[in-house]
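Novice: For reference, the structure I am asking about is given below.
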Amino acid sequence: MTDSSTTKLEVDIAIATEGLTAEPKSFGKLARERFFKHKLAIAGFIGLVLIASIFVLGPWLSPWAFDEPNVLNRRAGPSRDHPFGTDTIGRDLFVRTTMGGRYSLTIGALVAVLATLIGTLLGSAAGFFGKWIDTVVSQLVNLVLVVPAIIVLSVVALRFGAQPVGIAVVLALLLWTRIARVVRGVVMQFREQEFVMAARAAGAGSGRILFRHILPNVFGAVIVEITLLIGLAIVLESTLSFLGVGVKPPTPTLGNLVFQAKGDINSDPIRVLLPGMFIVAIVLCVNFLGDGLRDAIDPRSRADEKE
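For the sequence shown, this note's numbering gives the first residue as 3, with consecutive numbering after it.
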């Protein structure tokens, strides 16, 4: 056999065995690769970063305070000093819009955190222990799901006042069911797995098994719901503000900025369009990001990597 034939044979063998000797990819690496292939998810992530940057930096870049009136410069159009113009009492709309975005995003994030804590606690207890605990939690979930959220929020806001933290707490108490159902399903799936049985045989208690061995596997499914909860909370807060029972002025949110400007939609549409466009953009970005995370984390997508 000649040297060229030997070299060709070695190349053929190397090609044939390449897939067999390659190190298998971890689930985390596969998930990252799938996520970065999801163009809408990347666009949503970049969009959220840009919007959050505008909301954080905007008030610092302007010399005006969000609640500083100027009756001599009311209803001014966009200019160098006031990029978005001014409102009916001369307050700078750029600062008010960016501050409103801060409050809206803060409410959305706070709702997501609180709802995740409540839903994870109740969902994991129901899924792990079952029996009467599962029955009680399931009935509680069904009860909360049939409660008309807008009506409850309106009554609470009118009765106890509508502060950002209060609105966020009430929203979380109405939205935790999404997280609880997901966590319950995942915990029920994992509680009979071999590694859980091994932990039990080794003498591990229920708390250690649940928090150390099972709940880390819940994170992937919950992170998707968290992103969607942020968008849903912002929409609900904006709806309440638009109805006049949300966060009260002078504290701005994107929703109450739209509410305050709705009477001027014909004469001064920019006052309605700007906060409205930010609400739409945030919700779209959050949903794109959530879709990308779901596709990346879904174990059924692993088959795509083998094709």
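Beta carbons: idealized from backbone N, C-alpha and C, even for Gly.
(1) Can you give me the start and stop residues for the alpha helix (DSSP H) that Ser-106 sits inside?
(2) What's the C-alpha gap between Gly-312 and Val-172?
(3) If you count every other CB in all the chains shown that lies within 10 Å of the CB of Thr-23, and 16 or more means buried, which is it?
(4) What distance in whole Å lies between the Cβ atoms of Ser-156 and Leu-245, which are believed to be in contact at a cut-off of 8 Å?
(5) Taking buried to mean at least 16 other C-beta atoms within 10 Å of its own C-beta, is Trp-178 buried or exposed?
(6) Gly-121 to Asp-83, Cα distance in whole Å?
(7) On the three-pair Cβ rule with 8 Å, is the region 68 to 83 touching the region 220 to 231?
(8) How should Gln-165 be labelled, buried or exposed, when 16 other C-beta atoms within 10 angstroms of its C-beta is the threshold for buried?
(9) Do three or more CB pairs link the region 134 to 152 to the region 82 to 96 at distances below 8 Å?
(10) Could you give the C-beta distance for Gly-2 and Ala-283, rounded to a whole number, given that I count them as a contact under 8 Å?
(11) Would you say Leu-160 and Val-247 are within 8 Å of each other, going by their C-beta atoms?
(12) Where does Thr-241 sit, in a helix, a strand or coil, going by DSSP?
(13) Give the single residue among Phe-57, Pro-271, Gly-129 whose Cα lies nearest to the Cα of Phe-96.
(14) Who are the near neighbours of Val-143 in its chain, counting only those whose CB is closer than 7 Å to its CB and skipping five residues on each side?
(15) Which of the three DSSP states is assigned to Thr-179 in this structure?
(16) Count the CB pairs spanning the region 122 to 136 and the region 209 to 218 that are closer than 8 Å, and state whether there are at least three.
(17) Report yes or no: do the region 102 to 116 and the region 254 to 272 share at least 3 C-beta pairs separated by less than 8 Å?
(18) What is the DSSP secondary structure of Thr-229, reduced to helix, strand or coil?
(19) Using the Cβ count rule (16 or more neighbours within 10 Å means buried), how would you classify Thr-137?
(20) Going by DSSP, what residues sit across from Thr-88 in a beta bridge?
(21) Closest by CA to Gly-168, which one among Ala-206, Glu-239, Ile-211?
(22) Hey, out of Phe-261, Ile-232, Gly-233, whose CA is closest to Ser-243's CA?
(23) Given a threshold of 16 other Cβ atoms within 10 Å of its Cβ, counted over all protein chains shown, does Ala-204 qualify as buried or as exposed?
(24) Which of the three DSSP states, helix, strand or coil, is assigned to His-215?
(25) Look at the alpha carbon of Met-279 and the alpha carbon of Gly-125, and state the distance between them as a whole number of angstroms.
(26) From Gly-265 to Val-274, what does the alpha carbon distance come to, in whole angstroms?
(27) Which one of Arg-36, Leu-123, Leu-176, Val-158 has the shortest CA to CA distance from Leu-147?
(28) Does DSSP put Asn-268 in a helix, in a strand, or in coil?
(29) Using 8 Å as the threshold, is the C-beta distance between Gly-46 and Leu-291 below it?
(30) Looking only at its own chain, which residues have a Cβ that is under 6 Å from the Cβ of Val-189, when we skip the five neighbours before and after it?
Specialist: Straight from the coordinates:
(1) Within the sequence shown, the letter at position 104 stands for residue 106. Annotation for Ser-106: the continuous alpha helix (DSSP H) segment containing it runs 95 to 131.
(2) Coverage of the chain is limited to positions 3 through 309, which leaves residue 312 absent and any answer about it impossible.
(3) In the sequence shown, counting from the first residue as 1, residue 23 sits at position 21. Here the model assigns Thr-23 a pLDDT of 48, short of 50, so the residue's position is not dependable and the matter cannot be decided.
(4) Indexing the sequence shown from 1 puts residue 245 at position 243. Indexing the sequence shown from 1 puts residue 156 at position 154. With 8 Å as the limit, Leu-245 and Ser-156 qualify as a contact, their Cβ atoms being about 7 Å apart.
(5) Taking the first residue of the sequence shown as 1, we reach residue 178 at position 176. Counting other Cβ atoms within 10 Å of its Cβ, Trp-178 reaches 16 or more and is therefore classed as buried.
(6) On the sequence shown, residue 121 is found 119 positions in, with the first residue counted as 1. On the sequence shown, residue 83 is found 81 positions in, with the first residue counted as 1. Going by C-alpha positions, Gly-121 is about 46 Å away from Asp-83.
(7) Look at the beta carbons and you see the region 68 to 83 not touching the region 220 to 231: under three pairs across the two are nearer than 8 Å.
(8) Here residue 165 corresponds to residue number 163 of the sequence shown, with the count starting at 1. Burial state of Gln-165 is exposed, judged by a 10 Å Cβ sphere holding fewer than 16 other Cβ atoms.
(9) Touching, no, given that fewer than three Cβ pairs across the two stretches are closer than 8 Å.
(10) No answer is possible for residue 2: it lies beyond the span of the chain, which begins at 3 and ends at 309.
(11) Residue 160 sits at position 158 when you count from the first residue of the sequence shown. Residue 247 sits at position 245 when you count from the first residue of the sequence shown. In contact: Leu-160 and Val-247 (Cβ atoms closer than 8 Å).
(12) Your numbering for residue 241 matches position 239 in the sequence shown. Three-state result, Thr-241: helix.
(13) Within the sequence shown, the letter at position 94 stands for residue 96. Ranking the options by Cα distance to Phe-96, first place goes to Phe-57.
(14) Looking up residue 143 in the sequence shown gives position 141. Thr-179, Ala-182, Arg-183.
(15) Within the sequence shown, numbered from 1, the residue matching residue 179 stands at position 177. Taken through DSSP and simplified to helix, strand or coil, Thr-179 comes out as helix.
(16) Cβ pair count under 8 Å is three or more, so yes.
(17) Taking one beta carbon from each stretch, the region 102 to 116 and the region 254 to 272 have 3 or more pairs nearer than 8 Å; the two touch.
(18) Start at 1 with the first residue of the sequence shown, and residue 229 comes out as number 227. Helix at Thr-229.
(19) To locate residue 137, count along the sequence shown from 1; it is residue 135. Thr-137 comes out exposed.
(20) The count along the sequence shown starts at 1 and reaches residue 88 at position 86. Within the DSSP bridge table, the entry for Thr-88 names Asp-94 as partners.
(21) Within the sequence shown, residue 168 is the residue found at index 166, counting from 1. For the residues Ala-206, Glu-239, Ile-211, the minimum Cα distance to Gly-168 belongs to Glu-239.
(22) Locating residue 243 in the sequence shown gives position 241, where the first residue counts as 1. Comparing Cα positions, the closest option is Phe-261.
(23) Position 202 of the sequence shown holds residue 204. It is exposed - the Cβ of Ala-204 has fewer than 16 other Cβ atoms within 10 Å.
(24) Residue numbering aside, residue 215 sits at position 213 when the sequence shown is read from its first letter. Three-state result, His-215: helix.
(25) By 1-based counting over the sequence shown, the position of residue 279 is 277. By 1-based counting over the sequence shown, the position of residue 125 is 123. In a straight line, the C-alpha of Met-279 is about 36 Å away from that of Gly-125.
(26) Within the sequence shown, residue 265 is the residue found at index 263, counting from 1. Within the sequence shown, residue 274 is the residue found at index 272, counting from 1. For Gly-265 and Val-274, the gap between their C-alpha atoms comes out near 9 Å.
(27) As a first step, residue 147 is located in the sequence shown; it is residue number 145 there, counting from the start. Comparing Cα positions, the closest option is Leu-176.
(28) Locating residue 268 in the sequence shown gives position 266, where the first residue counts as 1. Here Asn-268 sits in coil by DSSP.
(29) Position 44 of the sequence shown, counted from the start, is the residue given in the question as residue 46. Position 289 of the sequence shown, counted from the start, is the residue given in the question as residue 291. Going by C-beta atoms, Gly-46 is nearer than 8 Å to Leu-291.
(30) On the sequence shown, position 187 is the one that residue 189 refers to. So the qualifying residues of the chain are Ser-126, Gly-129, Phe-130, Ile-216.
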